[in-house]
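Mapping to this note's numbering: the sequence shown position 97 is 1445, numbers consecutive. The beta-carbon is built from N, C-alpha and C at its ideal position, and this holds for glycine as well. Quick notes on the structure that follows.
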Amino acid sequence: MSALQNLVAAALGHLLARENWARERLRPHAGAIVRIEGGPLALVLCIDEHGLLVASDSGSDADVILSLPSDAPVRLLLDRQSFFAGIRLAGSADIAEVLAFVFRNLRWDVEEDLARVVGDIPARRLSLLGDRVVRGVREGGQRLAANVAEYAAQESGIAVPAREVTQLVSDIDRLRDDLARLEKRVQRLL
């Protein structure tokens, strides 16, 4: 087992330990092997009898394979829903459905964990600061994407601006209508 696999299993175990609803959903699938793949990442986890995900070095075939998109870290940071929408699931539909539900709804209460280390008030302030930083990074990423799209469409000519595409579609519709009227006139003359 790799150190990364143990780290991911420990982090998921920490999150699941606080969420009875998640463990109850996973418990009926005890013994199932879950493989998470994405780029060079390949983790093998097992659902134990308590409904926790633990690191596994099982050589057997995985019951479920979660294939992460190549841009998973960026998607997770900028748009969590897009991240989950990009994951491909293969294997047992029942287990995949339960895992998808658990992962979509599992939340880390950072403030609570920080409070144990630094106290309630500093934890609250650090949590608010972290939220502002994440929001700033997300907004900065969105502005960067908008600027790149604008550059590609207006400055470099790599892409066509939306207004030009709309105008082209309108011109094609007008040309089609004019052609239909011309065909009717020609048919009347014949």
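(request) Can you tell me which of the three DSSP states ALA1438 falls into? (result) ALA1438 sits in a strand when the DSSP states are folded into three classes.
(request) State the DSSP-derived secondary structure class of GLU1385, mapped to helix, strand or coil. (result) In this structure, GLU1385 counts as strand in the three-state DSSP scheme.
(request) Work out the CA separation of LEU1492 and ALA1510 for me, nearest whole Å. (result) Across the structure, ALA1510 and LEU1492 are spaced so that their CA atoms are roughly 18 Å apart.
(request) Can you tell me which of ASP1409, ALA1380 and GLY1386 puts its alpha carbon nearest to the alpha carbon of GLU1563? (result) Any property of residue 1563 remains undetermined from this structure, which presents the chain solely from 1349 to 1538.
(request) Could you give the DSSP three-state label for ALA1378: helix, strand or coil? (result) Note: ALA1378 maps to coil in three-state DSSP.
(request) Give the single residue among VAL1392, GLU1503, GLY1434 and ALA1444 whose Cα lies nearest to the Cα of PRO1376. (result) The residue with the shortest Cα to Cα distance from PRO1376 is ALA1444.
(request) Name the two residues that bound the continuous beta strand (DSSP E) containing VAL1412. (result) Here the beta strand (DSSP E) through VAL1412 covers 1412-1415.
(message) With three or more C-beta pairs closer than 8 Å as the rule, is the stretch 1445-1460 touching the stretch 1355-1367?
(response) These segments touch.
(request) Since I believe ARG1436 is in contact with SER1415 (beta carbons under 8 Å), could you give me their beta-carbon distance rounded to a whole number of angstroms? (result) Their Cβ separation, rounded to whole angstroms, is 4 Å, which keeps SER1415 and ARG1436 in contact under 8 Å.
(request) Give a yes or no on whether the C-beta atoms belonging to LEU1360 and LEU1400 are separated by under 9 Å. (result) Contact flag set, yes.
(request) Quick one: grab the DSSP three-state call for ALA1507. (result) In this structure, ALA1507 counts as coil in the three-state DSSP scheme.
(message) Taking its Cβ as the centre, do 16 or more other Cβ atoms sit within 10 Å of PRO1357, making it buried, or is it exposed?
(response) According to the sequence provided, residue 1357 is Ala. The question's Pro does not apply to it. That one is buried.
(request) Given a cut-off of 9 Å, decide if ALA1494 and ALA1507 are closer than it, judged by their beta-carbon atoms. (result) ALA1494 is positioned such that its CB atom lies no closer than 9 Å to that of ALA1507.
(request) Look up LEU1538 in the DSSP assignment and say whether it is helix, strand or coil. (result) If DSSP states are grouped into helix, strand and coil, LEU1538 belongs with coil.
(request) Compare the C-beta of ARG1473 against all C-beta atoms of chain B and say whether one is closer than 9 Å. (result) Here chain B cannot be found, since the structure has a single protein chain.
(message) Checking 9 Å against the spacing of the C-beta atoms, do ALA1410 and VAL1392 come in under that value?
(response) One thing to note: ALA1410 has its Cβ within 9 Å of the Cβ of VAL1392.
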